[in-house]
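Chains as they are written, first to last, in the working numbering: chain A, 521 to 812; chain B, 22 to 195.
Quick reminder that beta carbons are idealized off the backbone N, C-alpha and C, glycines included.
Reading through the structure tokens given below for one structure.
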Amino acid sequence: MQHPDPDDLTLLAMGEPIDSPVDTSIDAHLAECEQCRAEVESMRRTVELAELSNFGEGTRQPGEHIWNAIAAELGFGAGRTRNGSAHRPQAAAGTEWDVDRVTAADAPAETTTPPSPTLRAVSGTATPTPAATGPAPDAAAARARRWPRWAAPMAALVIGVALGAGVLVVAQNRSDSVTVEATAPLTSVPTGPLSHVPGQLGRAELVVTNQGQQVRVSASDLPSMPGTSYEVWLFGDDGRMVSLGSLDQGQGQFTVPDDISTQEYRTVDISDELPDGNPAHSGISMVRGSFS
Amino acid sequence: MEKFRAGDEAALRQAFDRYGGMVHRVGLLRLGNHHDAEELVQQVFVRAWKGRQGFNPERGSLGSWLLGITRRQIADRYAALDRDRRVLAAAQNTAPPEADVKSVDRVVDRVVIGDELNRLPDEQRMVLRLAFYGDLSHSEIAATTGIPIGTVKSHIRRALIHLRKLWEVDGATS
């Protein structure tokens, strides 16, 4: 039996009409030949899957923080403890990008009035440390050189005072202008140290004040452990993350940076940070919740 | 791959770079949100590392082995979810929804094929793109690109045979 041209069988599976004389002879052949029917059928299934696959569009490499979490969970880095510095340079390089983005976006503001004090304080204190703890990307090193060691705490202090004053003004004059846009119940992260703890462990609110958007966090149910601090992050839906600041006795109120859209950054994450001066997310997430 | 079995940490990193996106994509399509997908990626690679002695290169690629772990993780998650649904349904006196295991396989296939489509030789990929997205016939593709019509046909066939191997022979779906 003479089988049809395999290319024509493929086109048939693609759903293409073939020139009619050939087409009818292929049809007649397929009615008799199980082998060719199976060939067309399996090709058709491949075509369906390929069409549904969108050419892998929307596939994204998971963020570096995921690798850091994996490495931390597996204790990679020559048997050091979880705060060991062996995998830290990688961790720093990983989230450095996030910090970079934020810093780059803020860069012009360095010579003008800071529009988002909280974040500036965070990235300001954060940037010098990678250079001090290990090999850091050039950009970070450059920033570290630009900022003397004392500048960041000083800036944080000044900004803290300014922010405090701002909040005071809001509290005194415009306390009625605070509206809650969304809330997020915070529950334990399944891969984190609190995975065995059920139920809600805190709450985050996205509020709008005349000073802009704020995230207010209350999570006093988190275990208090000496030597660690809880840091509040906003996760974007594309895997980026921004540090908002640290909780103070389970409470915190943070200004959302101007260049961060809360349409895209909707998840609040609280991490357990060790006092190692590393600005990157430790990979140890305690609780998490998304604004809805 | 041997390095992976031997416990070379850099090999896991390589696997993460090569297949992390696929695992994430499967998670995104099946679990529906970015954070669950990321958690899935973490679980899969942690589990893969801990169970690396179970990986046999002779039985399939590292990719299909990782996707096997991915499928089981998702199935476990659905089993747990299903239990919750059954409890809820019993409480509400309704029939619980069916577990959806088959479609996990299909999603895996789709993601694997999407990934592979992007690794095809340039001309094959372009031809398939025009056929699928542009909805062009082989003769229209030939006219648009100037590639001879016979070459267009053989590009389509070769690419599809290559893709078909992924779910028929490589064992990505088994």
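Per DSSP, the bridge partner or partners of residue i
| i | result |
| --- | --- |
| Ala702 of chain A | A:Leu726 |
| Gln734 of chain A | A:Val727, A:Thr775 |
| Leu52 of chain B | Its beta-bridge partners do not exist; DSSP assigns none. |
| Ser749 of chain A | A:Glu793 |
| Arg808 of chain A | A:Thr707, A:Asp789 |
| Leu61 of chain B | Leu61 of chain B is not bridged to any residue. |
| Val133 of chain B | Val133 of chain B pairs with nothing; no bridge assigned. |
| Leu754 of chain A | A:Val762, A:Val788 |
| Gln720 of chain A | A:Thr707 |
| Asp768 of chain A | A:Gln771 |
Outcome for residue i when other beta-carbon atoms lying within 10 angstroms are tallied against a minimum of 16
| i | result |
| --- | --- |
| Val727 of chain A | buried |
| Arg80 of chain B | exposed |
| Ile170 of chain B | exposed |
| Ser763 of chain A | buried |
| Arg786 of chain A | buried |
| Ala31 of chain B | exposed |
| Asp792 of chain A | buried |
| Arg207 of chain B | One cannot answer for residue 207 of chain B here, as it falls past the ends of chain B, which runs 22 to 195. |
| Ser708 of chain A | buried |
| His159 of chain B | buried |
| Glu561 of chain A | exposed |
| Gln94 of chain B | buried |
| Gln769 of chain A | exposed |
| Pro743 of chain A | exposed |
| Asp527 of chain A | buried |
| Thr544 of chain A | exposed |
| Ala570 of chain A | buried |
| Ala100 of chain B | exposed |
| Gly644 of chain A | With a pLDDT of 37 at Gly644 of chain A, under the threshold of 50, the modelled position of this residue cannot be trusted, and the question is left open. |
| Ala164 of chain B | exposed |
| Ala69 of chain B | buried |
| Glu552 of chain A | exposed |
| Gly155 of chain B | exposed |
| Ser85 of chain B | buried |
| Gln777 of chain A | The sequence as given places Pro at residue 777 of chain A; Gln does not occur at that position. By the 10 Å Cβ count, Pro777 of chain A comes out buried. |
Nearest neighbour of residue i, chosen from the options [CA to CA]
| i | options | result |
| --- | --- | --- |
| Arg98 of chain B | B:Trp86, B:Gln74, B:Val65, B:Ile162 | B:Val65 |
| Leu49 of chain B | A:Gln581, A:Asp547, A:Asp528 | A:Gln581 |
| Asp757 of chain A | B:Gly42, B:Val44, B:Asn54 | B:Asn54 |
| Ala558 of chain A | A:Ile586, A:Ala702, A:Leu532 | A:Leu532 |
| Leu181 of chain B | B:Leu88, B:Glu60, B:Leu149, B:Gly167 | B:Leu149 |
| His176 of chain B | B:Glu137, B:Leu157, B:Pro142 | B:Pro142 |
| Met501 of chain A | B:Ala152, B:Leu184, B:Lys71 | Outside the shown range of chain A (521 to 812) lies residue 501 of chain A, about which nothing can therefore be said. |
| Ala702 of chain A | A:Pro710, A:Ala724, A:Asp528 | A:Ala724 |
| Gly135 of chain B | A:Gly595, A:Glu593, A:His585, A:Thr579 | A:Thr579 |
| Lys71 of chain B | B:His45, B:Val47, B:Arg26 | B:Arg26 |
| Glu577 of chain A | B:Leu138, B:Ala58, B:Arg92, B:Glu144 | B:Leu138 |
| Arg178 of chain B | B:Arg127, B:Glu144, B:Gly167, B:Gly155 | B:Glu144 |
| Leu754 of chain A | A:Pro710, A:Phe811, A:Leu794 | A:Phe811 |
| Gly759 of chain A | B:Val47, B:His56, B:Met43 | B:His56 |
| Leu184 of chain B | A:Thr729, A:Asp547, A:Ser749, A:Thr566 | A:Thr566 |
Spatial distance of residue i from residue j (CA atoms)
| i | j | result |
| --- | --- | --- |
| Asp796 of chain A | His716 of chain A | 27 Å |
| Ala739 of chain A | Gly772 of chain A | 9 Å |
| Val735 of chain A | Val129 of chain B | 38 Å |
| Gly732 of chain A | Gln783 of chain A | 14 Å |
| Gly583 of chain A | Ala589 of chain A | 10 Å |
| Thr699 of chain A | Arg51 of chain B | 35 Å |
| Leu83 of chain B | Ala591 of chain A | 19 Å |
| Trp587 of chain A | Val133 of chain B | 21 Å |
| Asp789 of chain A | Pro705 of chain A | 11 Å |
| Glu23 of chain B | Arg73 of chain B | 10 Å |
| Gly41 of chain B | Asp525 of chain A | 39 Å |
| Gly712 of chain A | Ala58 of chain B | 15 Å |
| His45 of chain B | Leu61 of chain B | 7 Å |
| Glu554 of chain A | His523 of chain A | 11 Å |
| Leu819 of chain A | Cys556 of chain A | Missing from the structure shown is residue 819 of chain A; chain A here goes from 521 to 812 and no further. |
| Ser781 of chain A | Asp29 of chain B | 40 Å |
| Lys174 of chain B | Thr166 of chain B | 13 Å |
| Glu536 of chain A | Asp126 of chain B | 28 Å |
| Lys186 of chain B | Phe76 of chain B | 20 Å |
| Glu568 of chain A | Asn574 of chain A | 11 Å |
| Leu529 of chain A | Arg131 of chain B | 22 Å |
| Pro710 of chain A | Gly765 of chain A | 23 Å |
| Gly597 of chain A | Ser697 of chain A | 50 Å |
| Glu751 of chain A | Val737 of chain A | 11 Å |
| Asp779 of chain A | Thr729 of chain A | 17 Å |
Distance cut-off 8 Å: residue i Cβ against heavy atoms of the ligand MG
| i | result |
| --- | --- |
| Asp741 of chain A | With respect to the ligand MG, the structure offers nothing, as it holds no ligand at all. |
- Query: Any contact of the stretch 703-722 of chain A with the stretch 796-809 of chain A, i.e. 3+ C-beta pairs under 8 Å?
  - Reply: yes
- Task: Specify whether the stretch 32-42 of chain B and the stretch 792-802 of chain A touch according to this definition: at least 3 beta carbon pairs, one from each stretch, less than 8 Å apart.
- Result: no
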